[in-house]
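Undergrad:
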Amino acid sequence: MTSQTESPKLGASSISEHAPRRSLIDLLKNWELLLFVLIVGVVLVNSNLSPYFLNAQNLSRTSSDFMEIGLMMLPMVFIVITGNIDLSVASNMGMSASFMGLLHNMGVNIWLAALAGLALGTLGGVLNGYLISKVKLPSLVVTLGTYAFFRGIAYGFLGDQAARNYPSAFTFLGQGRVGDSLIPVSAAIFIGMAIIFGLVLHCTKFGRQLYAIGNNENAARYSGVPIGKIKFLIFVLSGLISAFAGLVLAARFGSTRPDNGTGLELAVITATVLGGVDINGGKGTMYGAILSLLLIGLLRFGMGLLNIQSQVQSTVIGLLLIISIFLPHIGQQIAQSKTSRFRWKTLLIVLGVLVIFAAFIAFFIWSRIPVLQDIYG
Amino acid sequence: MTNQEFKLGSKTSGKGFSFLDFISRFREVGIIAFILILVIAVTLREPSFLDIDNLTDILMNISILIIVAMAQTMVILTKGIDLSVSSIIGLVAMMVGFTLKANPEFPVIFSVVLGLVLGAILGSFNGFIITIGNVPPIIATLGTLSIYRGLVFFYSQGTWINSYELPHSIKVLSKGKLLGVPNLIVVAILIAVLTFLFLRYTRLGRNIYAVGSNPTASEYAGIRPQKIIFIVYVLSGIISGLAAVLWISRFESAQTNTALGFELNTVTAAVIGGVSTSGGVGSIPGVLLGALLLGVIQNSLTLIRISPFWQLAAQGLLIIVAVVTDKLISKRIVRTHK
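Chains as they are written, first to last, in the numbering used here: chain A, 1 to 377; chain B, 1 to 338.
Shown next as structure tokens:
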């Protein structure tokens, strides 16, 4: 009886004869569809708010802004599916690009310098992979350490200097377009790589082994999956691709500073998790991740057109990250609570929380009035 | 990850008590030795290192770090992490700063209480996401790290609070002296002692260890892990709120980049000090030594004129070295007990 009355509230198309669990699975299956609907919504809202939104030139330019995030997201999907995480990606891209910039400043040929940058980034991935697969440290701690370590090395290389004056053959990587079309070179590279990564994840033994590790590492080990080797490989891959993304960013800016890409790991992880890749591993698809990248990209572009500061934009991205994990879990909890016994307590808690946060928001707004008066008179 | 590691965590596992005790002491002795070597090496090159002014400077610089590291320690003990402490400090500092600018007549105690309350609310937001939403702490606080930092910009619209806009009373809060010791250092020591006593002698403190070493077992023992975890994040918010007020007081300003990247320092201090990221293991004296080591390294790098740009790299390397040593030590213990 209770399940019949509750299932419509879920909003999922569930049949009441089945347990509520079924409807949750339906909901998760439709995660990609949900993303698609959201994308359409964002496009509709934004094109109403700003006439510049649906401009081919603009869209082409803004898409190249997201290619570094997209590139780093590809190996991140692999890593998160195995139940691990790599917090060092953005620092790694800073380190590799700074090394390339340092060599370029010393007069080394740009392609040689770029190759050295790629090598250093891969080495960073090797360090992560070694500590995680051989020393068996949790990826979270290791990459938190290398997050600081790599960024520190980037600062050590360049200090407060910047590297610039890259030859146009190199900046083509970040600024150029394919032939006469509007497709940026970096976007073409991303699309090619995304197809390869997607095929590897969904159509090969290696891909299935990634899911196996994420679902149950011990079971995977007993069925002969070379766990250490695979973990090592994906972290090295992540290092290599992050370094490449660093080069793309440097080419796009036409310069390198040691703080290039600071904080991008948040965007990369958000794109991954919002795309339906389970942070605990074992679930997720490549096309879901790509759809969420598109969604984040369009959202940021729309907010940029509305003159919203980039730091405030990252507030929205942070909220998205939390909501994308929070909501499915809450849905699950509502679906599982069959009795109405907890209702009063839950209601009280929810009310209490609302009152506290309302008070906070009220104080936030009240104390901000003089701030605004100072600025706008 | 395995049961063996859980057993290692709890000091009450009986058999290995004396040996584990020795190892954990050994670690603190190790940090002290490292600090001493560093101090001797730096003093040989730059004798002014041991000046009382320089030593006070080091302590002043690590006071806020010590305070927030206490919060971070409690969080890491429950197998979590709070990356949002730096953004909580930034946001609370900004809100308190502007409130004080608009109402300079408010007494100091008011700004302290305001800081604590605001910190508690921001911390409870973390707690709700982590316990009710079942979001992993690292993801939740990575999210709030950028949410709160974004709110700082939204709140101030890019403006900041200067020294002359703050009332005199708040500035003396950290610089006044008690028996010749600056208040800030006194507060840091007080918080450290309180946290030490809290973790060691109160029921809640013991429960924090219990939840961290084995959540399932602690649940059977009648502890509600979710409740403990929630409390820990609120405590972390409260302490960060206090740190925010002290930050304004010490640096006489509130900026959009206040405490940017500070979360890493607190994690480093805790991890170097022997707090295990797999939960349940760690002591306050160790964390104090970890913070001291960080302070000495920062100070000596400046004194012997190594570019401050290498400091971050040194810090990252220290985290890695600390966790690798921990792992090697615990591996050896497992081997000797088999």
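Yeah, the Cβ is synthetic: ideal placement off N, Cα and C, and Gly gets one too.
Of all Cβ atoms in chain A, is any one closer than 9 Å to the Cβ of B/Phe128?
TA: In the second sequence, residue 128 of chain B corresponds to position 128, counting from 1. Closer than 9 Å: yes.
Undergrad: Beta-carbon separation of A/Asn92 and A/Ala289 under 9 Å?
TA: For the purposes of this step, residue 92 of chain A is taken as the residue at position 92 of the first sequence. For the purposes of this step, residue 289 of chain A is taken as the residue at position 289 of the first sequence. It is not a contact, given that the beta carbons lie outside the stated cut-off.
Undergrad: Assuming A/Phe206 contacts A/Gly125 under a Cβ cut-off of 8 Å, what Cβ separation, rounded to an integer in Å, is found between them?
TA: To locate residue 206 of chain A, count along the first sequence from 1; it is residue 206. To locate residue 125 of chain A, count along the first sequence from 1; it is residue 125. Not quite, the Cβ-Cβ distance comes to about 17 Å (not below 8 Å), so this is no contact.
Undergrad: Is the beta carbon of B/Thr256 closer than 9 Å to that of B/Met95?
TA: Along the second sequence, one-based indexing puts residue 95 of chain B at 95. Along the second sequence, one-based indexing puts residue 256 of chain B at 256. No, Cβ-Cβ distance for B/Met95 and B/Thr256 is not below 9 Å.
Undergrad: At least one CB of chain E closer than 9 Å to the CB of A/Gly152: is that the case?
TA: No chain E is present in this structure, whose protein chains are A and B.
Undergrad: Between the beta-carbon of B/Leu55 and the beta-carbon of A/Phe364, is there less than 9 Å?
TA: Against the second sequence, residue 55 of chain B aligns to sequence position 55. Against the first sequence, residue 364 of chain A aligns to sequence position 364. The answer is no: Cβ separation not under 9 Å.
Undergrad: Can you tell me where the alpha helix (DSSP H) holding A/Asn218 begins and where it ends?
TA: In the first sequence, residue 218 of chain A corresponds to position 218, counting from 1. Here the alpha helix (DSSP H) through A/Asn218 covers Glu217 to Tyr222.
Undergrad: Going by DSSP, what residue range makes up the alpha helix (DSSP H) through A/Arg151?
TA: Counting from one through the first sequence, the residue named residue 151 of chain A turns up at place 151. A/Arg151 -> alpha helix (DSSP H) spans Ser139 to Leu158.
Undergrad: B/Lys327 touches chain A at which residues, Cβ-Cβ below 8 Å?
TA: As a working mapping, residue 327 of chain B is identified with position 327 in the second sequence. Chain A residues near B/Lys327: Val135, Lys136 and Leu137.
Undergrad: For A/Ser63, tell me which candidate among A/Ala212, A/Leu158, A/Gly302 and A/Tyr166 has the shortest Cα-Cα distance.
TA: For the purposes of this step, residue 63 of chain A is identified with residue 63 of the first sequence, where counting begins at 1. Taking only the C-alpha atoms, the option nearest A/Ser63 is A/Gly302.
Undergrad: Closer than 7 Å, Cβ to Cβ, to anything on chain B: give me those residues from the segment 287-320 of chain A, in chain order.
TA: If the cut-off is 7 Å between Cβ atoms, the segment 287-320 of chain A has Gln309, Gln311, Val312, Ser314, Thr315, Ile317, Gly318 and Leu319 near chain B.
Undergrad: Does the segment 78-85 of chain A come close enough to the segment 206-222 of chain A to have 3 or more Cβ pairs within less than 8 Å?
TA: In short, these stretches touch, since the Cβ pair count reaches three.
Undergrad: If you measure between the beta carbons of B/Gly274 and B/Leu77, is that distance less than 9 Å?
TA: Residue mapping note: residue 274 of chain B aligns to position 274 of the second sequence, counting from 1. Residue mapping note: residue 77 of chain B aligns to position 77 of the second sequence, counting from 1. It is not a contact, given that the beta carbons lie outside the stated cut-off.
Undergrad: In the DSSP assignment, what are the bridge partners of B/Leu178?
TA: If you number the second sequence from 1, residue 178 of chain B lands on position 178. According to DSSP, which records beta bridges pairwise, B/Leu178 is partnered with B/Val181.
Undergrad: Assign A/Ser310 to buried or exposed, taking buried as 16 or more other Cβ atoms, counted over all protein chains shown, within 10 Å of its Cβ.
TA: Taking the first sequence and counting its residues from 1, the one referred to as residue 310 of chain A is at position 310. Flag for A/Ser310 reads exposed.
Undergrad: Fully enclosed by the segment 205-261 of chain B, which alpha helix (DSSP H) runs are 4 residues long or longer?
TA: Within the segment 205-261 of chain B, the complete alpha helix (DSSP H) runs of at least 4 residues are 215-220 and 225-251.
Undergrad: Taking contact to mean at least 3 C-beta pairs separated by less than 8 Å, is the segment 112-119 of chain A in contact with the segment 51-70 of chain A?
TA: Judged by Cβ distances under 8 Å, the segment 112-119 of chain A makes no contact with the segment 51-70 of chain A, as fewer than three pairs qualify.
Undergrad: With contact counted as at least three CB pairs below 8 Å, one residue from each stretch, are the segment 104-117 of chain B and the segment 301-316 of chain B in contact?
TA: Because the criterion of three Cβ pairs below 8 Å is not met, the segment 104-117 of chain B and the segment 301-316 of chain B do not touch.
Undergrad: Output needed for B/Asn265: all residues of its chain with C-beta closer than 6 Å, excluding positions within five of it in sequence on either side, in chain order.
TA: Against the second sequence, residue 265 of chain B aligns to sequence position 265. Closer than 6 Å at the Cβ level, and outside the excluded window around B/Asn265, lie Leu65.
Undergrad: In this structure, how does DSSP classify A/Arg22 when only helix, strand and coil are distinguished?
TA: Counted from its first residue, the first sequence places residue 22 of chain A at position 22. In this prediction, A/Arg22 scores a pLDDT of 48, lower than 50, which makes its location untrustworthy; no coordinate-derived value is stated.
Undergrad: Give, in chain order, every residue of the segment 101-119 of chain A whose Cβ lies closer than 9 Å to some Cβ of chain B.
TA: Residues passing the 9 Å Cβ filter: none.
Undergrad: So is B/Ser156 in contact with chain A if we call contact Cβ pairs under 9 Å?
TA: Translated into the one-based positions of the second sequence, residue 156 of chain B becomes position 156. Judged by the 9 Å Cβ criterion, B/Ser156 is in contact with chain A.
Undergrad: Tell me the rounded alpha-carbon separation between B/Leu83 and A/Gly41.
TA: Taking the first residue of the second sequence as 1, we reach residue 83 of chain B at position 83. Taking the first residue of the first sequence as 1, we reach residue 41 of chain A at position 41. Roughly 33 Å between the two C-alpha positions.
Undergrad: When DSSP labels each residue in this structure, what does A/Pro167 get in the three-state scheme?
TA: To locate residue 167 of chain A, count along the first sequence from 1; it is residue 167. If DSSP states are grouped into helix, strand and coil, A/Pro167 belongs with coil.
Undergrad: Distance cutoff 9 Å, beta carbons only. Does A/Arg368 sit that close to anything in chain B?
TA: The count along the first sequence starts at 1 and reaches residue 368 of chain A at position 368. Yes, because at least one Cβ of chain B sits closer than 9 Å to the Cβ of A/Arg368.
Undergrad: I'd like to know if A/Thr146 contacts chain B, where contact means its C-beta is closer than 9 Å to some C-beta of that chain.
TA: Here residue 146 of chain A corresponds to residue number 146 of the first sequence, with the count starting at 1. Chain B contact via Cβ: present.
Undergrad: Just to confirm, is the Cβ distance from B/Ile297 to A/Ala148 under 9 Å?
TA: Residue numbering aside, residue 297 of chain B sits at position 297 when the second sequence is read from its first letter. Residue numbering aside, residue 148 of chain A sits at position 148 when the first sequence is read from its first letter. For B/Ile297 and A/Ala148, no; Cβs fall outside 9 Å.
Undergrad: Return the bridge partner residues of A/Arg61 from the DSSP annotation.
TA: Reading the first sequence from its first residue, position 61 is the one you call residue 61 of chain A. DSSP, once it has assigned bridges, lists no residue as partnering A/Arg61.
Undergrad: 9 Å is my cut-off, CB to CB: does B/Trp310 come that close to chain A?
TA: Walking along the second sequence from the start, residue 310 of chain B turns up at place 310. Chain A, which has a Cβ nearer than 9 Å to the Cβ of B/Trp310, makes this yes.
Undergrad: Just to confirm, are B/Ser174 and B/Pro182 a CB contact at a threshold of 9 Å?
TA: Within the second sequence, numbered from 1, the residue matching residue 174 of chain B stands at position 174. Within the second sequence, numbered from 1, the residue matching residue 182 of chain B stands at position 182. Contact: yes.
Undergrad: Among all the DSSP beta bridges, which residues are the ones paired with B/Ile161?
TA: On the second sequence, position 161 is the one that residue 161 of chain B refers to. Per DSSP, B/Ala254.
Undergrad: Hey, B/Leu142 and A/Leu321: beta-carbon distance below 9 Å or not?
TA: For this step, residue 142 of chain B is matched to residue 142 along the second sequence. For this step, residue 321 of chain A is matched to residue 321 along the first sequence. Contact flag set, yes.
Undergrad: What residues of chain B sit near A/Ile269, judged by a beta carbon separation below 8 Å?
TA: For the purposes of this step, residue 269 of chain A is taken as the residue at position 269 of the first sequence. What A/Ile269 touches in chain B: Ile139 and Leu142.
Undergrad: Within 10 Å of its beta-carbon, does A/His104 have 16 or more other beta-carbons around it, so buried, or fewer, so exposed?
TA: Stepping through the first sequence from its first residue, residue 104 of chain A is reached at position 104. Buried.
Undergrad: For a contact meaning CB atoms closer than 8 Å, what does A/Val371 contact in chain B?
TA: Mapped onto the first sequence, residue 371 of chain A falls at position 371. Within chain B, the residues near A/Val371 are Phe98, Tyr155, Ser156, Gln157 and Thr159.
Undergrad: Which residues share a DSSP beta bridge with A/Arg177?
TA: Counting from one through the first sequence, the residue named residue 177 of chain A turns up at place 177. DSSP output for A/Arg177 lists A/Pro184 as bridge partner(s).
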